[in-house]
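Scroll down for the structure; my scribbles are underneath it.
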Amino acid sequence: MKKIIFLLLITAGALRAQTTLQHTWVFNPAGGTAVAPDGKPSVTVFVKPSCCPVTALEVTGNALEDKAQWIIIPLNMESAVLQKLSYSVNTSGRSHILQTRLLDMSWAGESKVIFDQTGSQPGPLDLPDLKPQGALSLAIRLGIPGGDKLWIGPIRLTGYTTHKNLQP
18 MKKIIFLLLI
28 TAGALRAQTT
38 LQHTWVFNPA
48 GGTAVAPDGK
58 PSVTVFVKPS
68 CCPVTALEVT
78 GNALEDKAQW
88 IIIPLNMESA
98 VLQKLSYSVN
108 TSGRSHILQT
118 RLLDMSWAGE
128 SKVIFDQTGS
138 QPGPLDLPDL
148 KPQGALSLAI
158 RLGIPGGDKL
168 WIGPIRLTGY
178 TTHKNLQP
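Per the numbering used here: the sequence shown ends with 185, consecutive numbering throughout.
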């Protein structure tokens with residue numbers, strides 16, 4: 018769904034038009050990776066694209082709260098102002114989400130946390146009009162008991178883009 022809002026300003030004889038487009042971006046989490054708290058690849062949690070549904074990431078392993086691991090999912094998108102985040106989670110047992118973050122990587126190897134939510138609510142989460150400056154990733158910290166499975170489904174970001182047009 019796209020909404021178009023036109024704002025017109027008349028300044029010094031020029032007509033300036035600004036177009037704001039509302040968007041919902043949907044991402045498949047299949048490119049996610051499991052990361053240990055020290056930033057290295059996890060050796061206790063494993064991820065793979067799910068067969069059913071194909072728009073999910075299957076997580077298995079053994080990492081309870083004291084050794085919780087992160088799942089990092091890249092979100093390739095255009096520059097925008099972000100207002101809502103949601104994703105779906107299903108589990109075969111006691112697995113649960115401990116924390117949700119959005120990471121903004123504006124320099125190679127360095128990322129900044131621009132949103133941090135503790136708790137198990139997968140969404141929708143209200144974002145305070147975030148304006149990422151670089152590559153965006155979703156980071157989900159989870160507890161998963163041995164033998165359990167967790168599926169992370171489609172990720173949705175809602176926000177808007179603004180385009181300025183100058184008319185002589």
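Cβ coordinates follow ideal geometry from the N, Cα and C atoms, glycine included.
In the pairwise beta carbon analysis, the stretch 98 to 115 is classified as touching the stretch 165 to 179: at least three pairs are separated by under 8 Å. Under DSSP, T77 forms a beta bridge with F63 and K166. In the three-state reduction of the DSSP assignment, G48 falls in the helix class, which pools H, G and I. Scanning its chain for C-beta atoms nearer than 6 Å, with the 5 sequence neighbours on each side dropped, one finds around T108 the residues L167, in chain order.
Per DSSP, the unbroken beta strand (DSSP E) holding E127 starts and ends at E127 to T135. Fewer than three pairs of CB atoms, one per stretch, sit closer than 8 Å, so the stretch 138 to 157 makes no contact with the stretch 60 to 71.
Looking at the DSSP output, M122 sits in a beta bridge with A152. Shown here, D55 sits in coil according to DSSP, grouped into three states, outside any helix or strand. With a cutoff of 9 Å on beta-carbon distance, V43 and I172 are scored as near each other.
In this structure, the CA atom of N79 is about 25 Å from the CA atom of L120.
For P91, the uninterrupted beta strand (DSSP E) run begins and ends at Q86 to L92, by DSSP. Residue burial annotation: W87 is buried, with at least 16 other C-beta atoms found within 10 angstroms of its C-beta.
For the 9 Å CB-CB criterion, T175 and T36 do not form a contact.
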